[in-house]
Structure formats: structure tokens, C-alpha cells
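Please read the structure below before turning to the comments.
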Amino acid sequence: MKRTITYLFLLTLLIACSVSIQAQEPRVVRMPASTMGESRIDTPEGTTTFPFELISNHIVLPVEINGSITRLILDTGMPIEGAILFGSEEIDKLNLSYVGKAPIMGAGGTTVEADLAMDINFKLPGASFSGQMVMVMPFDADRHNYHEGKNGIIGSSLFRHFVVSIDYDNMEITLTNPEQFSYTGNGEAIPLEIARYPMLKCETEMESGAKVPLNLVIDIGNSDALTLNVGSAEAIILPNKTIETYKVSLKNEIPVHIGRVKEFRIGGFHFKNVLCSFSSQTPPPWSQEGNLGQGILKRFNVTFDYSRQVMYLEPSDQFNDPFDFNMAGISFLRTENGLFRITRVFPDSPAADAGLKQGDLLKTIDDRIVTAVTKDEAYRLLQKKCGQEVTLEVLRNGSTLKVVISPRRLI
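Residue numbers for the sequence shown follow the working numbering, so the first one is 921 and each next one is one higher.
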């Protein structure tokens, strides 16, 4: 009986989060009543500011759960309140009490059965969250390695209760009670539609020159700049040159093609030659033409105000950075001994030209021992400017090889 009740409760939660909020004037509109407890700012000023990390293009917050700090990805694509945690020994030490099971559906329709804990309290610096739901996914070694330095996901508990300002220049987040918030910056106000997910209207110009109006999900949990669903509009087709790769969902790999669009426009801002993930998978109904991810949003200091259905954009220091894909041509994951196992070598890439193979173990990158660097740092070491050589030490079949590659733009 407990399993059935828990499952129905989750369904109710998902339905509550899908209610659309309509407002003709920019007034404060309280979101649907929380199915959990309370989210509150602990300061008399009704605002709090604290630092965040940017790991693999994910915003990572220091969230205290049961007296321990967990590192959670901030994600507008998390439609329910509470948190999803990635099962691990570290999460086991939180000593959560589970009341049943709950299904979690990810991109590509994959469903994972997670342990469900209720009435859990969280803390962020200057903010408290009581009576929250926590879903703990079963341990998965590949997911654990892929999300190195990250323990889970949090989203609606912040966005549906507070104005959330993300300052990428200073790596700080500010939470403010909506009633005490007044925007005083010089940014552009972008109207939002708040339904299951936040959505906005924008436009892209395809390789063909076709200009396509877009209705995109805002997904800061997506590390890419832009994702378009092939066929969702007649002109959204694959460009002539793409790289076939995959994205990691809950427990499977989703094939995508990496290409470029001529231009992307959001409000009065324009970006040219934008890197884009093209998905041919059948999207969920709310996805529409695709989503806008961290690769574009980090080019602004962003304020999300769900209560007034608006987002403010101020160009950040990264506004004019180029849109670059993997320039070395390899993907890798951490192994138990701390080395990086190459999981993919892209065809016609510097790595392929140098003879690197899937299964090779990276030992050093430009004399940096990989056991002493994060996965993020390793990718940055490999993402050098065109023509600059990178020297690798690679372990293959018990022998150490020295390999020199020259990173270049692949797409």
C-alpha cells in the first residue's frame, strides 16, 4: 500500500507543477501552493547572496542536507520541489529515511525507480527549505563519473519561491523574496511563460537562411548552448556538416548531432555561428522546438522572476566568447584508480590523427598528473587554441606512450 500511495502522490505533484500561470501585467503572482513545506529567506532584508561553482557548465550550489554539504546542480528543468540525488556512498551517509519508491523520467523517456524520502530540511547560506521531498537514484558508476563533483539536482524549490539572480561575473547567486524585489539593473526584460517549465520566444536563422521563430524551454541544467528538435518546425533540419555524438540521460545515451546555426536572437541580443545540438528523438509535448541552455545563458548575468513572468539579461564578461566544441576529439571518464579512460575518439579529429584509441588511459596532460586534476580542468587543458600542441602520456596494454596532439575546431 505504501508504494501505491507514494506513486500517486508523485503524479499529483507533477500535475501541480504543470499549471500555467497567466498574467497580463507585471505583478507578483504566487505560484501554486507547495505540495511540500516552506522555502524562506532567513534575513530581515528578504535577500541572501552566496557563491556557486561552474562545473562542466553546470551551476553547482552548496546545499546542506541533514548537516552535510551536498553539491547540487541548479536546474530550471527540475519541475518539482525538493531534490534528486545521485546514489553514492556520500549520499548514503546522509542517513535519509525512505518511505517508498518513485519513478523519475529523464530525457529520451528513460524511467528510473528512485528511493523516496519526505519531510527533509535543506539549507543554503541565508535560506531554509523545510518539509522537502528527496528522490535518491540508484548508484550508477558511469553517471557518478560523468557528474564528477556533483551530487544531484535542485530547481523549483528556489525558482518558484524566490527571484533568482545569477551573477556569472562574480560567481554569485542572490535569492530575494518577490515582494521585496525591484529590478534596478540595465538589462533587457524578456517575457517568460511559466508552465511546467519556464519558456521564452526567440528566433534562429538556419544554414539555409530560413528564419525560424522558436518557443524554447529554458534549461540551465543543459550544458549546451542551444538544442533544437529536428522536424519540430519545417525549417529545423540538420546542417550539412555535423558531428554525431550523444548526451547522457538518467541511465542511457541519447544520440545527437552537433552543428551550427547562422544566428540566434533573444530579445535585442544576437549571436552568430552558434553551436547547436540537433535531436531527432521524439520530444515530450512541452519541449516544442527545443531548449536554451547554459552555453548561451552564461553569456549574461541573469535574473529569473517567475512571479512576474520575466527574465532580465545583462551581458556578462563571456558575452563575446566563441562557441567551441571538443577541440581535441576525445571524451573520457574517471576510473577507480583516478586515471581517465577514453570512452570515445571522434573520427577525423586531432586525437584520431595521433592514434589515440577507445580504452586508452590518460596519465598526464602537459605534465599535469590527471589524478590531481578534476575532469573539468582536464578538458580545459585539452581545449587549447588552434595550433597549440598538447602532450599526453597514455597507458595502453601496460605500456606508456607519449602522444602529441594539436587541438583544432572540428565543427
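Quick reminder that beta carbons are idealized off the backbone N, C-alpha and C, glycines included.
Since this is a predicted model, take the numbers as computed values, not measurements.
Determine the DSSP secondary structure at Arg947, reduced to helix, strand or coil. Against the sequence shown, residue 947 aligns to sequence position 27. Here the model assigns Arg947 a pLDDT of 39, short of 50, so the residue's position is not dependable and the matter cannot be decided.
Within the same chain, show all residues whose beta-carbon is closer than 8 Å to that of Val980, passing over the 5 residues directly before and after it, in chain order.
-> As a position in the sequence shown, residue 980 is number 60, starting the count at 1. Phe972, Glu973, Leu974, Arg991, Leu992, Ile993, Leu994, Gly1069 and Lys1070.
Exercise. According to the neighbour-count rule (16 or more other Cβ atoms, all chains shown, within 10 Å of its Cβ), is Thr1124 buried or exposed?
Worked result: One-based indexing of the sequence shown puts residue 1124 at position 204. Residue environment: Thr1124 is assigned as buried (16 or more neighbouring CB atoms within 10 Å of its CB, all protein chains considered).
| message | Excluding the 5 residues flanking Tyr1066 on each side, which residues of the same chain have their C-beta closer than 8 Å to its C-beta? | response | Within the sequence shown, numbered from 1, the residue matching residue 1066 stands at position 146. Excluding residues within five positions, the ones whose Cβ falls inside 8 Å are Val1168 and Leu1253.
- Query: Just curious, the beta strand (DSSP E) that Arg1316 is in, first and last residue?
  - Reply: Position 396 of the sequence shown, counting from 1, holds the residue named residue 1316. Val1310 to Arg1316 is the extent of the beta strand (DSSP E) around Arg1316.
* To do: Decide if the region 1144-1161 is in contact with the region 1207-1221; the criterion is three or more beta carbon pairs, one per stretch, under 8 Å apart.
  => Judged by Cβ distances under 8 Å, the region 1144-1161 makes contact with the region 1207-1221, as three or more pairs qualify.
Residue range of the unbroken alpha helix (DSSP H) whose run includes Pro1270 | On the sequence shown, residue 1270 is found 350 positions in, with the first residue counted as 1. Looking at the DSSP string, the run of the alpha helix (DSSP H) that includes Pro1270 is Pro1270 to Asp1273.
Quick test of your reading: Gly997 and Gly1075, contact by CB under 8 Å. State the CB separation rounded to the nearest angstrom. The count along the sequence shown starts at 1 and reaches residue 997 at position 77. The count along the sequence shown starts at 1 and reaches residue 1075 at position 155. Their Cβ separation, rounded to whole angstroms, is 7 Å, which keeps Gly997 and Gly1075 in contact under 8 Å.
query = Cα separation between Asn1106 and Leu1095?
reply = Numbered from its first residue, the sequence shown carries residue 1106 at position 186. Numbered from its first residue, the sequence shown carries residue 1095 at position 175. Asn1106 and Leu1095: Cα-Cα distance of roughly 19 Å.
### Query
Are Asp1039 and Asn1221 close, meaning C-beta to C-beta below 8 Å?
Here the question's residue 1039 lines up with position 119 in the sequence shown. Here the question's residue 1221 lines up with position 301 in the sequence shown. No. Outside cutoff.
| query | Helix, strand or coil for Ser976 per DSSP? | reply | Within the sequence shown, residue 976 is the residue found at index 56, counting from 1. In the structure shown, Ser976 falls within a coil segment according to DSSP collapsed to helix, strand and coil.
### Query
Would the beta-carbon of Leu1077 fall within 8 Å of that of Gly1002?
Within the sequence shown, numbered from 1, the residue matching residue 1077 stands at position 157. Within the sequence shown, numbered from 1, the residue matching residue 1002 stands at position 82. Note on identity: in this sequence residue 1077 is Ser, with Leu being the wrong assignment. Judged by their CB atoms, Ser1077 and Gly1002 are nearer to each other than the 8 Å cut-off.
Task: DSSP state of Arg1228 mapped onto helix, strand, coil - done: Start at 1 with the first residue of the sequence shown, and residue 1228 comes out as number 308. Arg1228 falls in the helix class under three-state DSSP.
Do Leu1195 and Arg1185 have their beta-carbon atoms positioned less than 8 Å apart in this structure?
Taking the sequence shown and counting its residues from 1, one reaches residue 1185 at position 265. Taking the sequence shown and counting its residues from 1, one reaches residue 1195 at position 275. No, they are not a contact pair.
- Query: Is the shortest distance between the beta-carbon of Phe1239 and the beta-carbons of chain B less than 8 Å?
  - Reply: Note that chain B does not occur in the displayed structure, where there is just one protein chain.
- Task: Note the first and the last residue of the continuous beta strand (DSSP E) segment covering His1067.
- Result: Residue numbering aside, residue 1067 sits at position 147 when the sequence shown is read from its first letter. It is not in any beta strand (DSSP E) - His1067 carries neither H nor E in the DSSP assignment.
So, is Gln877 buried or exposed, given that buried needs 16 or more other C-beta atoms within 10 angstroms? Nothing about residue 877 can be reported from this structure: the residues present for the chain run from 921 to 1331 only.
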